[in-house]
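The sequence shown begins at 1161 in my numbering and counts up by one.
All residues carry an ideal CB built from backbone N, CA and C; glycine is no exception.
Since we're looking at a predicted model, the values are computed, not measured.
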Amino acid sequence: MDLTDARWRKSIRSGASGGDCVEVADNLPGAVAVRDSKDRQGPALVFTPAAWRSFLQVVGER
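Next comes the structure, spelled out in structure tokens:
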């Protein structure tokens, strides 16, 4: 998947250093991409928006 137009963001709780974070791009048509901020040129996991919402729901319950 082409992630050229991805607008990456991270949690405001991640701190000022910017390392050790998970970044999410949810501006892509039909996809949500997730990557490691320490390896921005590395691989990204890509989910459907429905799968991403399900993941967030489960995480929010814990």
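Exercise for the section: Can you tell me which of Pro1203, Asp1196, Trp1168 puts its alpha carbon nearest to the alpha carbon of Asn1187? Expected result: Trp1168
Practice task
Can you give me the start and stop residues for the beta strand (DSSP E) that Ala1204 sits inside?
Solution key: Where Ala1204 is concerned, there is no enclosing beta strand (DSSP E), given that its DSSP letter is neither H nor E.
Exercise for the section: Take the Cβ of Arg1195 as the centre, count every other Cβ of all protein chains shown within 10 Å, and call the residue buried at 16 or more, exposed below. Expected result: buried
Exercise for the section: Using three-state DSSP, classify Ala1166 as helix, strand or coil. Expected result: coil
Handout entry: Element boundaries [beta strand (DSSP E), containing Glu1183]
Key = 1182-1188
Exercise for the section: Using only alpha-carbon positions, find the residue among Val1192, Lys1170, Ser1197 that is nearest to Phe1227. Expected result: Lying before the first or after the last residue shown, residue 1227 is absent from the chain, which here runs from 1161 to 1222.
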